[in-house]
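So the sequence shown is numbered by this note's numbering: it starts at 375 and just counts up by one. Quick reminder that beta carbons are idealized off the backbone N, C-alpha and C, glycines included.
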Amino acid sequence: MTTSSRRLLHAVARRPLAIGLAVLVLGTSAPAGAAVAAPPPAGSGPPTVTPADLRFRHDTLRPGDAREVGLLPAQVDRIPADLAAYLQPTPDHPGHPTYAGAVALVAKDGVVVQHTAVGAAVRYASVGPPPELVGVELPADQQLPMRPDTIFDLASVSKLFTTIVLLQQVERGRVALDAPVARYVPEFAAGGKESVTVRMLLTHTSGLPAFTALWSRYPTPEARFAAALATPLAAGATPGSRYVYSDLGLIALGVLVERVTGRPLAELVRDGVTGPLGMVDTGYNPGPELRSRTAATEYQPYAGRGMVWGEVHDENAWSLGGVAGHAGVFSTAADLARLCQSLLNGGEYRGRRILRTETVREMLVNYNAPLESAYPESDRGLGFELNKHWYMSGLSSPVTFGHTGFTGTSLVIDPLSHSFVILLSNRVHPDRGWGSNNVARSAVARDLAEAMPVRPRSGSAWRANPGDRVTATLTAPLRRAARPASFSGTTPSRATTARGSISPPTGAKPGPRRGCCCVTGTDGGPPTAR
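Shown next as structure tokens:
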């Protein structure tokens, strides 16, 4: 890849939304019966990017200023205020606050430019009955403020730790991605799953159902694990033909790595990930001495638990002893920053390697591309989600990767700009019925995206206002006469991070009005919140 094309990728190889282009030349007209211009040849469309194009760095995290890494300070500095705004009901999240509290950490090129905390880690004792779900607050002297080093239940972000220790076994030749899971866990073949492969579980294309209530249907951890492995495929499912995000698949992968190594999952994560990376506050089942630093989650009287605080929130993971392939890991923003940076470094941090560089590239291939037309939200690498605009916002690209967690956690890692955003919240405190925190996830990612300046060779950069399910029209003067032409297609837009109605910057001076180019784009909204 040439230097000029790489610059172009950094400028436009993003896909926050698909824009249908209609170019209309105003002030000129085509003669009657004039031939329509031929469409551009195949392969001449907008640039794209693949994992093979990525250049990994070897950065070590340190605190610093936005200017050091070429970011616009004003956009970075507004992150705390944007986080704090969601401590109250907002127009895009009415009825209840988005969360009781949150921590955000943002870094680029190894420089941590923002690490902030807002709200409360522990605020509520219980919640009232539906539909109001009124939070019952603890006395003020029993509430705990959110801190930058607060420990969070990561929920499904835990799946990434299972993925990494599994891929370590692939690197060692103990596991083959396209081998049947039943080769390693024979009882998994039950229920029509004999042809389900390891890769299918990582990409959620196995045909397994999304969930089953193991915690309430089976009496012991042993019976629950056995039931998870014996769960049949969903009715009518053929392995590899549909996308269904499934906890059960990751539970099975957790069992698989234990079988092939003869060691518990918690030890594999400690020795293979958190230990080498120096993630001192990360692991399963935090001890009681850490409870005062841990964010509370949900009031669960239906499970006989009361307000969950210091134990895993996910009912199935809790009933499996707190350690499972799909959930159970607790961590801090600072620890997760080490994980994110190790992946941006191609699998190593401070000289300690957890994955080969080629393995990291393979993690970022969209293996579900053939399913996109039927399942638009199916873009997946190995374990990671790819190109999810509904929470990655303007950082989205074909190789932007991350994951969300039900408790209100998320990672967004952008290898094109060598940056990442970590948002940890306790959005289920006191009740999941208060809603998703997707609006906050998107807002913080958008703040970082908008902090990356776009400097065209001439003129001014225009940026769209944010918004979901809107149509935006950009009208710009042409500086010289244009020939009549029409073009229809799809373009990735990084320069505008376009998500709404577009207007030129204040004070912009248009050139001579010899024609006008109109670009109209429509953005869909997020999928069902997770």
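Cβ pair residue i, residue j closer than 8 Å
i	j	result
residue 645	residue 709	no
residue 562	residue 694	no
residue 572	residue 551	yes
residue 650	residue 525	no
residue 682	residue 668	no
residue 768	residue 824	yes
residue 473	residue 719	no
residue 476	residue 457	yes
residue 513	residue 490	no
residue 428	residue 789	yes
residue 730	residue 434	no
residue 771	residue 423	yes
residue 792	residue 784	no
Where residue i falls: helix, strand or coil (DSSP)
i	result
residue 633	helix
residue 667	helix
residue 803	coil
residue 728	coil
residue 397	Only weak support exists for where residue 397 lies, its pLDDT of 34 falling under 50; the value from the coordinates is given anyway. Of the three classes helix, strand and coil, the one that applies to residue 397 here is coil, per DSSP.
residue 849	strand
residue 627	helix
residue 643	helix
residue 752	coil
residue 695	coil
residue 531	helix
residue 775	strand
residue 481	strand
residue 759	strand
residue 559	coil
residue 503	coil
residue 828	coil
residue 441	helix
residue 436	strand
residue 676	helix
residue 606	coil
residue 741	coil
residue 570	coil
residue 783	strand
residue 844	strand
residue 595	helix
residue 619	coil
residue 520	coil
residue 689	helix
residue 423	coil
residue 717	helix
C-alpha distance - residue i paired with residue j, whole-angstrom precision
i	j	result
residue 861	residue 847	Confidence at residue 861 is low in this model, with a pLDDT of 47, below 50, so its placement is unreliable and the value that follows should be read with caution. Roughly 16 Å separates the two Cα atoms.
residue 636	residue 522	37 Å
residue 447	residue 816	19 Å
residue 570	residue 643	25 Å
residue 624	residue 495	28 Å
residue 807	residue 509	11 Å
residue 657	residue 568	32 Å
residue 721	residue 505	47 Å
residue 827	residue 452	16 Å
residue 617	residue 502	36 Å
residue 517	residue 634	45 Å
residue 814	residue 459	9 Å
residue 761	residue 738	10 Å
residue 487	residue 450	7 Å
residue 829	residue 443	15 Å
residue 715	residue 479	12 Å
residue 619	residue 584	6 Å
DSSP bridge partner residues for residue i (one or two, in chain order)
i	result
residue 492	476
residue 788	793
residue 498	511
residue 467	464
residue 658	703
residue 525	668
residue 653	According to DSSP, which records beta bridges pairwise, residue 653 is partnered with nothing at all.
Residue burial classification, residue i (beta-carbon count within 10 angstroms, cutoff 16)
i	result
residue 439	exposed
residue 581	buried
residue 664	exposed
residue 820	buried
residue 698	buried
residue 750	exposed
residue 832	exposed
residue 515	exposed
residue 542	buried
residue 615	exposed
residue 673	buried
Proximity test, residue i beta-carbon vs the ligand NAD heavy atom, cut-off 7 Å
i	result
residue 687	The ligand NAD is not among the ligands present in this structure, which contains no ligands whatsoever.
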